[in-house]
Amino acid sequence: MIQKVQVSLREYQEKRDFSKSPEPPGKIKSEGQHRFVVQRHQARSLHYDFRLEMGGVLRSWAVPKGPPLEPGIRRLAVQVEDHPLGYIGFAGEIPQGEYGAGSVEIWDEGEFDLEKETADRLEFSLRGKKLSGSYALIHTGDKNWLLIRRKEA
Ligand code: MN
């Protein structure tokens, strides 16, 4: 299995020789531990539910116009309640009268590397079928975030 070093640990790791120092080399996540999904949800209004596997749940945002594909584009992403990990594969019909009634289909899925995490900013690289490259989520107030396709370094 190819191990991917998180970008946020690169500087830390480059400064140290862990064969000589007792310091921890840092946790390297293996493939599959950080998954994401985008579910196209045709509810009363169409939106795309963008979910990142973090801390044992799916942190979730509703993106009315869908995730940006081109660098420099930003889209409103409204944070919604964390969803259970099992929701990552969900597709189907939510019956009329139930919360979120309508159809859910998986629009994209894959894995991501979390590169930066603060209370109001997440930076990550997605490896999906449609979405690939560097993204950021930036908290702008209340439940509102911006989902941004970053230019590659
Ligand atoms: Mn939804």
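Residue numbers (the numbering used here): 4 to 156.
The C-beta atom is built at its ideal place from N, Cα and C for all residues, glycine as well.
Original post:
Excluding sequence positions up to five away, which residues of its chain have a Cβ less than 8 Å from the Cβ of residue 61?
Top reply: Result list for residue 61: 40, 54, 55, 85, 86, 87, 88, 90 and 91, in chain order.
Subject >> Top-ranked residue by Cα proximity to residue 148, from 47, 70 and 43 >> reply: 70
Original post:
Does the ligand MN have a heavy atom nearer than 6 Å to the CB of residue 44?
Top reply: yes
Original post:
Is the beta carbon of residue 155 sitting closer than 7 Å to the one on residue 135?
Top reply: No; because the gap between Cβ atoms is not below 7 Å, this pair is not in contact.
Original post:
Sorry if obvious, but does the Cβ on residue 52 come closer than 6 Å to a heavy atom of the ligand MN?
Top reply: yes
Original post:
Mapping DSSP to helix, strand and coil, what is residue 72?
Top reply: coil
**OP:** Can you tell me which of the three DSSP states residue 88 falls into?
**Re:** If DSSP states are grouped into helix, strand and coil, residue 88 belongs with the helices.
Original post:
Expressed to the nearest angstrom, what Euclidean distance is found between the alpha-carbon atoms of residue 114 and residue 99?
Top reply: 32 Å
**OP:** Check whether the Cβ of residue 103 sits closer than 6 Å to any heavy atom of the ligand MN, and report yes or no.
**Re:** The answer is yes for residue 103.
Subject >> Residues of its chain near residue 133, where Cβ-Cβ distance is below 6 Å and the 5 sequence neighbours each way are ignored >> reply: 111
Original post:
Would you report the Cα separation of residue 63 and residue 52, rounded to the nearest angstrom?
Top reply: 7 Å
Original post:
In chain order, what residues of the same chain have a beta carbon less than 7 Å from the beta carbon of residue 19, not counting five sequence neighbours either side?
Top reply: Same-chain partners within the cutoff: 26.
Original post:
On the premise that residue 42 lies in contact with residue 109, defined as a C-beta separation below 8 Å, what is that separation, rounded to the nearest angstrom?
Top reply: Yes, they are in contact, since the Cβ atoms of residue 109 and residue 42 sit about 6 Å apart, within 8 Å.
**OP:** Please state if the CB of residue 139 and the CB of residue 130 are separated by a distance shorter than 7 Å.
**Re:** no
Original post:
Under 7 Å, do residue 94 and residue 81 count as touching if we go by C-beta distance?
Top reply: no
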